[in-house]
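K.L.:
Quick one: the structure is below, and I'll ask about it shortly.
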Amino acid sequence: MKHMENENRLRGGCPGDWVWIVPPLSGSLTPVFHQEMLYYHLKPNYEYQTPAWKTHVWQKKADDQRRHSRKFRFKDIARHARNLPA
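Under the working numbering, the first residue of the sequence shown is numbered 1, with each subsequent residue one higher.
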């Protein structure tokens, strides 16, 4: 409440998302429940950023494609190993 009083005195209002600030259980017992808040963004601000792994475009190198293009089945390897001289 002290923060809210300072903001009201200095800015004339306290920006806040009432839904996030008031707890879900027994919210009416907190003094913040009865306060009116406006929800607006001040700049500069820390904004949420989309995760990098969702937006990054992965590029494959030519070496990686060449190296992984040749695959052997276990049956072929076993047949080859049986024919090797001891």
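Every residue, glycine too, gets a C-beta built ideally from N, C-alpha and C.
From proline 51 to asparagine 45, what distance separates their C-alpha atoms?
P.N.:
Taking the sequence shown and counting its residues from 1, one reaches residue 51 at position 51. Taking the sequence shown and counting its residues from 1, one reaches residue 45 at position 45. Approximately 18 Å, taken between the alpha carbons.
K.L.:
The alpha helix (DSSP H) with phenylalanine 74 in it runs from where to where?
P.N.:
The residue given as residue 74 occupies position 74 in the sequence shown. Note, phenylalanine 74: alpha helix (DSSP H), 74-83.
K.L.:
Looking at C-alpha atoms only, which residue of Lys71, Asp76, Gln59 and Gly13 is the closest neighbour of tyrosine 39?
P.N.:
As a first step, residue 39 is located in the sequence shown; it is residue number 39 there, counting from the start. Closest option to tyrosine 39, Cα to Cα, is Gly13.
K.L.:
One question on the structure: do proline 24 and threonine 30 come within less than 8 Å of each other, judged by their Cβ atoms?
P.N.:
Taking the first residue of the sequence shown as position 1, residue 24 is located at position 24. Taking the first residue of the sequence shown as position 1, residue 30 is located at position 30. No; because the gap between Cβ atoms is not below 8 Å, this pair is not in contact.
K.L.:
What separation, rounded to the nearest whole angstrom, lies between the Cα atoms of isoleucine 21 and asparagine 8?
P.N.:
Locating residue 21 in the sequence shown gives position 21, counting from the first residue. Locating residue 8 in the sequence shown gives position 8, counting from the first residue. Whole-angstrom Cα-Cα distance: 17 Å.
K.L.:
For the alpha helix (DSSP H) containing lysine 60, list its first residue and its last residue.
P.N.:
Reading the sequence shown from its first residue, position 60 is the one you call residue 60. Segment: none, lysine 60 is in no alpha helix (DSSP H) and carries neither H nor E.
K.L.:
Between the alpha carbons of glutamate 5 and serine 26, how many angstroms are there, rounded?
P.N.:
By one-based count along the sequence shown, residue 5 stands at place 5. By one-based count along the sequence shown, residue 26 stands at place 26. Roughly 22 Å separates the two Cα atoms.
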